[in-house]
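K.L.:
Could you have a look at this structure, given as structure tokens, before my questions?
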Amino acid sequence: MDGDRKPELQIKPGRYEDAALGFRNHWYPALLSSEIGEEQLVPLTLLGENLLFKRIDGQVYAIADQCLHRGFKFSTKPECFTKNTITCWLHAFTYNFRNGELVAIPSAPDSRLIGKRHLHSYPVQEINGMVFAFVGDMDPPPPLAHDVPPGFLDPGWTVVGAVNVPSACNWRLAADSGFDPNHIFIHKDDHFLAALDRPFPIANRIVGGDTFHEITEVTGPGPKGLVDALGKSEPVFEFEFECDGERGRMASKIPPNEMAYLAYGSIEGSIWLPGALKVAPWPILGMVHYEWYVPVDEKNHRYFIAWGKPCETDADKAAFAHEVHTKWKYLGYEQFNRTDLIANLGVETGTDGLPYRSVENLFEGDGYTLVWRRLASQHNRGVQTRRGIPTA
Amino acid sequence: MDGDRKPELQIKPGRYEDAALGFRNHWYPALLSSEIGEEQLVPLTLLGENLLFKRIDGQVYAIADQCLHRGFKFSTKPECFTKNTITCWLHAFTYNFRNGELVAIPSAPDSRLIGKRHLHSYPVQEINGMVFAFVGDMDPPPPLAHDVPPGFLDPGWTVVGAVNVPSACNWRLAADSGFDPNHIFIHKDDHFLAALDRPFPIANRIVGGDTFHEITEVTGPGPKGLVDALGKSEPVFEFEFECDGERGRMASKIPPNEMAYLAYGSIEGSIWLPGALKVAPWPILGMVHYEWYVPVDEKNHRYFIAWGKPCETDADKAAFAHEVHTKWKYLGYEQFNRTDLIANLGVETGTDGLPYRSVENLFEGDGYTLVWRRLASQHNRGVQTRRGIPTA
Amino acid sequence: MDGDRKPELQIKPGRYEDAALGFRNHWYPALLSSEIGEEQLVPLTLLGENLLFKRIDGQVYAIADQCLHRGFKFSTKPECFTKNTITCWLHAFTYNFRNGELVAIPSAPDSRLIGKRHLHSYPVQEINGMVFAFVGDMDPPPPLAHDVPPGFLDPGWTVVGAVNVPSACNWRLAADSGFDPNHIFIHKDDHFLAALDRPFPIANRIVGGDTFHEITEVTGPGPKGLVDALGKSEPVFEFEFECDGERGRMASKIPPNEMAYLAYGSIEGSIWLPGALKVAPWPILGMVHYEWYVPVDEKNHRYFIAWGKPCETDADKAAFAHEVHTKWKYLGYEQFNRTDLIANLGVETGTDGLPYRSVENLFEGDGYTLVWRRLASQHNRGVQTRRGIPTA
Chain A
1 MDGDRKPELQ
11 IKPGRYEDAA
21 LGFRNHWYPA
31 LLSSEIGEEQ
41 LVPLTLLGEN
51 LLFKRIDGQV
61 YAIADQCLHR
71 GFKFSTKPEC
81 FTKNTITCWL
91 HAFTYNFRNG
101 ELVAIPSAPD
111 SRLIGKRHLH
121 SYPVQEINGM
131 VFAFVGDMDP
141 PPPLAHDVPP
151 GFLDPGWTVV
161 GAVNVPSACN
171 WRLAADSGFD
181 PNHIFIHKDD
191 HFLAALDRPF
201 PIANRIVGGD
211 TFHEITEVTG
221 PGPKGLVDAL
231 GKSEPVFEFE
241 FECDGERGRM
251 ASKIPPNEMA
261 YLAYGSIEGS
271 IWLPGALKVA
281 PWPILGMVHY
291 EWYVPVDEKN
301 HRYFIAWGKP
311 CETDADKAAF
321 AHEVHTKWKY
331 LGYEQFNRTD
341 LIANLGVETG
351 TDGLPYRSVE
361 NLFEGDGYTL
371 VWRRLASQHN
381 RGVQTRRGIP
391 TA
Chain B
393 MDGDRKPELQ
403 IKPGRYEDAA
413 LGFRNHWYPA
423 LLSSEIGEEQ
433 LVPLTLLGEN
443 LLFKRIDGQV
453 YAIADQCLHR
463 GFKFSTKPEC
473 FTKNTITCWL
483 HAFTYNFRNG
493 ELVAIPSAPD
503 SRLIGKRHLH
513 SYPVQEINGM
523 VFAFVGDMDP
533 PPPLAHDVPP
543 GFLDPGWTVV
553 GAVNVPSACN
563 WRLAADSGFD
573 PNHIFIHKDD
583 HFLAALDRPF
593 PIANRIVGGD
603 TFHEITEVTG
613 PGPKGLVDAL
623 GKSEPVFEFE
633 FECDGERGRM
643 ASKIPPNEMA
653 YLAYGSIEGS
663 IWLPGALKVA
673 PWPILGMVHY
683 EWYVPVDEKN
693 HRYFIAWGKP
703 CETDADKAAF
713 AHEVHTKWKY
723 LGYEQFNRTD
733 LIANLGVETG
743 TDGLPYRSVE
753 NLFEGDGYTL
763 VWRRLASQHN
773 RGVQTRRGIP
783 TA
Chain C
785 MDGDRKPELQ
795 IKPGRYEDAA
805 LGFRNHWYPA
815 LLSSEIGEEQ
825 LVPLTLLGEN
835 LLFKRIDGQV
845 YAIADQCLHR
855 GFKFSTKPEC
865 FTKNTITCWL
875 HAFTYNFRNG
885 ELVAIPSAPD
895 SRLIGKRHLH
905 SYPVQEINGM
915 VFAFVGDMDP
925 PPPLAHDVPP
935 GFLDPGWTVV
945 GAVNVPSACN
955 WRLAADSGFD
965 PNHIFIHKDD
975 HFLAALDRPF
985 PIANRIVGGD
995 TFHEITEVTG
1005 PGPKGLVDAL
1015 GKSEPVFEFE
1025 FECDGERGRM
1035 ASKIPPNEMA
1045 YLAYGSIEGS
1055 IWLPGALKVA
1065 PWPILGMVHY
1075 EWYVPVDEKN
1085 HRYFIAWGKP
1095 CETDADKAAF
1105 AHEVHTKWKY
1115 LGYEQFNRTD
1125 LIANLGVETG
1135 TDGLPYRSVE
1145 NLFEGDGYTL
1155 VWRRLASQHN
1165 RGVQTRRGIP
1175 TA
């Protein structure tokens, strides 16, 4: 809740292991555009804060979902007497939805609070079929372009936000796993691969170096992130082992050909603050895959996917949007990336009740995870807390 | 659990903000008379304590619902070998239900515990179709007349307890809101008003003074409470506001006439320790409305309503009771006061996990709430705690 | 999770009141043999630890159900490429199921972790149709024979494990009650007694001594336990009491004859660390009853029953197993011992949220309970804790 005075704002990065609720002062996807119509109210929890979204004359706004007066949650019984206001159902405190200002109190029309107090108003931007909200104190906020993967806002590309689903685990489990190329073992039975008749590795071995040093840091003035070293790695399409006289074998469902090695090596993954992954090309040549892990609370996040492709004409753009919604949402998400959600839940279940990272025994392949945690710890704009208390 | 010795009892008022479990050493409504028949056992939680009620030869008694011996909860498998006893199903410890005394142990008929140890026995009084229990240590307890709104026990009036419903929020949210005349905004769409074709204000403005100083304190030897200043207020039947070029209007569904101002101004509300409201006249001229907010635990209370009217003959009394059960329970509760429960839940939801009062920004109309909290803090007989630890 | 070095192990008994999770370094029943088939995986929580069982070539093994690497819980999506291994579904870390050794990582086949790190492997023994696991750090563990009631492993007896059910209360409530002969009051309406036309006491009175001093301690080199003093007690088949002019009577459903006193007096109960009861003869002459209270977590345990009888030929053994599964599982458990679970739940409910023992008022008959708690506190091999912190 904002007071009248604004103390000088200190932007100080915090540790990834303290960021159970995510990083403050960043932009996050909140909704797909299709999920909020004109004059529709949508309540959402982001980074442990309750927000209320409304689309007014086409533009989306967001305010704190809690009346200043006694804390009544607007969305339990929302009341709007005009398009651009919200009135608390309890004592009729009425606010400008566009900026959070308290504009009227019927029982005290001359109250000293009017025009002075205001609800927190969250900066919102809508692009590529997605609604982004800025959760933080910076005013003005930094540009959205600093908080999305490079290329996401490129005008030559058509990008279509298509997936927004809940996942009952901490967002860091998803981020750690998303950038880690060794988690691909989980995808070996995914129907996506069979449908495209595509050989896919079950593991990934670094060649001539290690996973700690071959990852490229990007820490210039724009988005901060890491680019993987798949080009310096060798995909593993089959693996045999022996244990006490028994032999076991794991392998790609579709046997690899020469092209498979080349194709996989040309894929580049990168991860970006506050928690977004870019994979290109993916799911097919000529397309780019973006995904986000958006903190809801300590035990929940939302998973967003957008896919992009260069399009020139409006007809091309419409055709691509149609393809995303009818084909890739099914094959790319339901038959592939949804498997990631299952994996992350298994880690949440296995480590439930234990502090983040406390049961880990990292191995040679975990440079990805360590380097990501280090970059995230150094370049975020502050750790989100509940009432000032960090939670691990 | 009572020991053999009784230390000198100290009655010391505690702070309202510490009273999540209510105030100790007061009388509270526990049941409607109709909810407990002859020899019926009813388990209930009040102020965080588990009580077991039984009606024996017409009179209601209450004991702690937990065997002295190993803590077995009687009501999970109650066993009564005589009308006036309860036997623990586990080891057959048998108690006098009328006073809690341990009267027999089959496996140790000469035990030194018999006749010495006893369950806590809660004083009970039944009046006006309601069963009141005293939760505390005072022996004897203070008179019931000190803990109910004035007039409730008046022999010339017929008072009918009619509503006893659970509400999943702390009792203080309900008490704060009940005495606050500005919460009436929530009732504007209630069918009760339409059914009686009654104009009803959407807000209330103090005139010539402020809400802090016009409220009357009653702190004599009997009930302690506050009487509102509606007579010095101006009801607001419609209100207009402007925001960024749009105009909004809120108004009473039924347009007001001259009588409406007069009628509303003649209503008097008052709040009484440990947490009861009186509104008169209400719901119509000639009737009085009583309601209670009874703490169950930190997150739950029970809401009771009784209505009264002067009656002379038995036929009048019976007719009034009939009217309460067939008409007012529907129109007065279902179509009006139930809306209060929804409002209180919205505050509980909005402030969930936050300390009581921590998100408040009070305004000029909140004198009611502040004065009530001050009176309650000064005149209660102690704060109820769990095992000696106050909870906010 | 085991490290590379093993610090010198200290075996130090801990207090029963701290043992909410049970005693460490003991053998516990985990499963009935029939509940785990060849190559079947069974996940189980014992003493707050997650175990995964597998039967390989007839023998049952158990490992920690959590991958060393990132904590993924194997059983959320188990994968076995050979009979004797388990592979983590997330990054394909592959372990020898027989000893927990890490045998392969496809993405780092030469990892320094391989052959060095291992999952905790729990010693397992299968006997009498039951699978026992050792939860602790002793290597090798003490003999199973030290942790089961005397006679359980006697080769002349056929013992059939038959019941394994969950109970939503702390294991100590069950152990306290099991050895306490006064809890028999709960059984008075059990169909088992009617079906066998058997008089059964409702209480039990010690004669010539007290329950504290007549119980026999067994603390030699083998199992540690206590033998009851029923032989020095007098069974009570009926009891009358008076309260405020009313007379009450409790009695055995089947009136006792001379034989009933003799028969009951010849039953001997005994309790053994880490939490097992033996009753002989029971349920009929010539049979022995064994039961265990196996800690799952602070609020749950599992209840096991096995019945035994001397058998000479294989046909005798098969006939007895058939009798156990068709007759005693129904009459002995469903119609008798299941009542104990209800009783224990009533104590859990009545004392919920309160520290163990905090509401007790023990009487003359509670020597059984006190002596058991003392013996258990003196002779266990350590208190099980969550991450080093004892829980009451």
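Protein chains in written order, with my numbering: chain A, 1 to 392; chain B, 393 to 784; chain C, 785 to 1176.
For each residue, glycine too, the CB sits at the ideal point set by N, CA and C.
#1: Does the beta carbon of G855(C) come closer than 7 Å to any beta carbon on chain A?
#2: Pick out the complete alpha helix (DSSP H) segments inside the region 659-717 of chain B, 4 residues or longer, and give them in chain order.
#3: By the 10 Å Cβ neighbour count, where 16 or more other Cβ atoms means buried, how is M130(A) classified, buried or exposed?
#4: Comparing alpha-carbon positions, which option in H379(A), S107(A) and N96(A) lies nearest G757(B)?
#5: H875(C) versus chain A: which residues are under 7 Å apart at the beta carbon?
#6: Determine, using beta carbons only, whether D65(A) and F74(A) come nearer to each other than 7 Å.
#7: In whole angstroms, what is the alpha-carbon distance linking Y1045(C) and A978(C)?
#8: May I ask you to report which of helix, strand or coil DSSP gives A917(C)?
#9: Which residue or residues does DSSP assign as beta-bridge partners of V557(B)?
#10: Could you check the C-alpha separation between A1102(C) and Y906(C) for me, to the nearest Å?
#11: Run through the DSSP bridge pairs and tell me what P106(A) is partnered with.
#12: Name the residue from A698(B), I519(B) and V599(B) whose alpha carbon lies nearest to the alpha carbon of P109(A).
#13: Within the region 975-1049 of chain C, note down every full alpha helix (DSSP H) run reaching 4 residues or more, in order along the chain.
#14: Relative to the alpha-carbon of H116(A), which residue among A276(A), I127(A) and Y95(A) has its alpha-carbon at the smallest distance?
#15: Name the chain B residues whose beta carbon is nearer than 7 Å to that of K83(A)?
#16: Just to confirm the assignment, what range does the alpha helix (DSSP H) spanning Y760(B) have?
#17: Please classify G787(C) as buried or exposed, where buried requires at least 16 neighbouring CB atoms within 10 angstroms.
#18: Taking the straight line between their C-alpha atoms, what separation do you get for E1132(C) and Y1117(C)?
#19: For A484(B), which three-state DSSP category applies?
#20: Identify the continuous alpha helix (DSSP H) that holds T731(B) and give its terminal residues.
#21: Relative to chain A, which residues along the region 749-764 of chain B have a C-beta separation below 7 Å, given in chain order?
#22: Measuring CA to CA, which of G553(B), L669(B), G450(B) and Y748(B) is closest to E431(B)?
#23: Hey, is R989(C)'s beta-carbon within less than 7 Å of any beta-carbon in chain B?
#24: Would you say A318(A) lies against chain B (beta-carbon separation less than 7 Å)?
#25: Looking at the secondary structure, which residues open and close the alpha helix (DSSP H) in which W563(B) lies?
#26: Which one or two residues does DSSP pair with N834(C) in a beta bridge?
#27: T94(A) versus chain B: which residues are under 8 Å apart at the beta carbon?
#28: Who are the neighbours of A888(C) on chain A, taking C-beta pairs under 7 Å?
#29: Please report whether the beta-carbon of V628(B) lies at a distance below 7 Å from any beta-carbon of chain A.
#30: Go ahead and label H322(A) buried or exposed: buried means 16 or more other beta carbons lie within 10 angstroms of its beta carbon, across all protein chains shown.
#31: Can you give me the C-alpha to C-alpha distance between V775(B) and R766(B), rounded to a whole angstrom?
#32: What is the DSSP secondary structure of Y812(C), counted as helix, strand or coil?
#33: Less than 8 Å between the CB atoms is what I'm expecting for I986(C) and S1036(C), so what's the real figure, rounded?
#34: Give the interface partners of P275(A) over in chain C, defined as CB-CB distance under 7 Å, in chain order.
#35: With distances taken between CB atoms, is the gap from H10(A) to H191(A) smaller than 7 Å?
#36: Is T860(C) helix, strand or coil by DSSP?
P.N.:
In terms of the structure at hand:
#1: Reading the third sequence from its first residue, position 71 is the one you call residue 855(C). G855(C) counts as touching chain A.
#2: 706-715
#3: Here the question's residue 130(A) lines up with position 130 in the first sequence. Result: buried.
#4: Translated into the one-based positions of the second sequence, residue 757(B) becomes position 365. Minimum Cα distance to G757(B) is reached at S107(A).
#5: Walking along the third sequence from the start, residue 875(C) turns up at place 91. Per Cβ cutoff of 7 Å: N182, H183 and F185.
#6: Here residue 65(A) refers to the residue found at position 65 of the first sequence. Here residue 74(A) refers to the residue found at position 74 of the first sequence. Yes; because the gap between Cβ atoms is below 7 Å, this pair is in contact.
#7: Here residue 1045(C) refers to the residue found at position 261 of the third sequence. Here residue 978(C) refers to the residue found at position 194 of the third sequence. Each residue's alpha carbon lies about 17 Å from the other.
#8: Position 133 of the third sequence, counted from the start, is the residue given in the question as residue 917(C). Strand at A917(C).
#9: For the purposes of this step, residue 557(B) is identified with residue 165 of the second sequence, where counting begins at 1. According to DSSP, V557(B) bridges with Y695(B).
#10: Taking the first residue of the third sequence as position 1, residue 1102(C) is located at position 318. Taking the first residue of the third sequence as position 1, residue 906(C) is located at position 122. A1102(C) and Y906(C) have their C-alpha atoms some 31 Å from each other.
#11: On the first sequence, position 106 is the one that residue 106(A) refers to. DSSP lists no partner for P106(A).
#12: Looking up residue 109(A) in the first sequence gives position 109. When only C-alpha atoms are compared, the closest one is V599(B).
#13: 975-979 and 1042-1049
#14: Position 116 of the first sequence, counted from the start, is the residue given in the question as residue 116(A). Residue identity check: residue 116(A) is Lys in the sequence provided, not His. Considering only alpha carbons, the answer is Y95(A).
#15: The sequence position of residue 83(A) within the first sequence is 83, counting from 1. Neighbours of K83(A) on chain B, chain order: E638.
#16: Counting from one through the second sequence, the residue named residue 760(B) turns up at place 368. Taken as a continuous stretch (DSSP letters only), the alpha helix (DSSP H) holding Y760(B) covers G759 to H771.
#17: The count along the third sequence starts at 1 and reaches residue 787(C) at position 3. Residue confidence for G787(C) is low, a pLDDT of 43 falling below 50, so the modelled location carries little weight and cannot support an answer.
#18: Sequence index remark: in the third sequence, residue 1132(C) carries index 348 (1-based). Sequence index remark: in the third sequence, residue 1117(C) carries index 333 (1-based). Rounded to the nearest whole angstrom, the CA to CA distance from E1132(C) to Y1117(C) is 21 Å.
#19: Taking the first residue of the second sequence as position 1, residue 484(B) is located at position 92. DSSP places A484(B) in coil when its eight states are reduced to three.
#20: The count along the second sequence starts at 1 and reaches residue 731(B) at position 339. From DSSP, the alpha helix (DSSP H) with T731(B) extends over R730 to G742.
#21: Cβ contacts with chain A: V751, E752, N753, F755, E756 and G757.
#22: Within the second sequence, residue 431(B) is the residue found at index 39, counting from 1. Ranking G553(B), L669(B), G450(B) and Y748(B) by Cα distance to E431(B) puts G450(B) first.
#23: Taking the third sequence and counting its residues from 1, the one referred to as residue 989(C) is at position 205. It does: the Cβ of R989(C) has a partner Cβ on chain B nearer than 7 Å.
#24: Within the first sequence, the letter at position 318 stands for residue 318(A). Closer than 7 Å: no.
#25: As a working mapping, residue 563(B) is identified with position 171 in the second sequence. Counting along the chain, the alpha helix (DSSP H) containing W563(B) begins and ends at W563 to F571.
#26: Position 50 of the third sequence, counted from the first residue, corresponds to residue 834(C). Partner(s): T829(C).
#27: Sequence index remark: in the first sequence, residue 94(A) carries index 94 (1-based). Those are F633, C635 and G640, listed as they occur along chain B.
#28: In the third sequence, counting from the first residue as 1, residue 888(C) sits at position 104. F241, listed in chain order.
#29: Along the second sequence, read from residue 1 onward, the residue named residue 628(B) stands at position 236. Closer than 7 Å: yes.
#30: The residue given as residue 322(A) occupies position 322 in the first sequence. H322(A) comes out exposed.
#31: As a first step, residue 775(B) must be located in the second sequence, where it is residue number 383. As a first step, residue 766(B) must be located in the second sequence, where it is residue number 374. Their backbone Cα atoms lie some 14 Å apart in a straight line.
#32: If you number the third sequence from 1, residue 812(C) lands on position 28. The answer is strand: DSSP assigns Y812(C) an E or B state.
#33: Taking the third sequence and counting its residues from 1, one reaches residue 986(C) at position 202. Taking the third sequence and counting its residues from 1, one reaches residue 1036(C) at position 252. Taking C-beta atoms under 8 Å as the contact rule, I986(C) and S1036(C) qualify, at a distance of about 6 Å.
#34: Translated into positions along the first sequence, residue 275(A) becomes position 275. Note that residue 275(A) is Gly in the sequence shown here, rather than Pro. Those do not exist, as G275(A) stays about 18 Å from chain C at its closest Cβ, beyond 7 Å.
#35: In the first sequence, the residue the question calls residue 10(A) occupies position 10. In the first sequence, the residue the question calls residue 191(A) occupies position 191. For the record, residue 10(A) in the displayed sequence is Gln; it is not His. Not closer than 7 Å, so no.
#36: Here residue 860(C) refers to the residue found at position 76 of the third sequence. The answer is helix: DSSP assigns T860(C) an H, G or I state.
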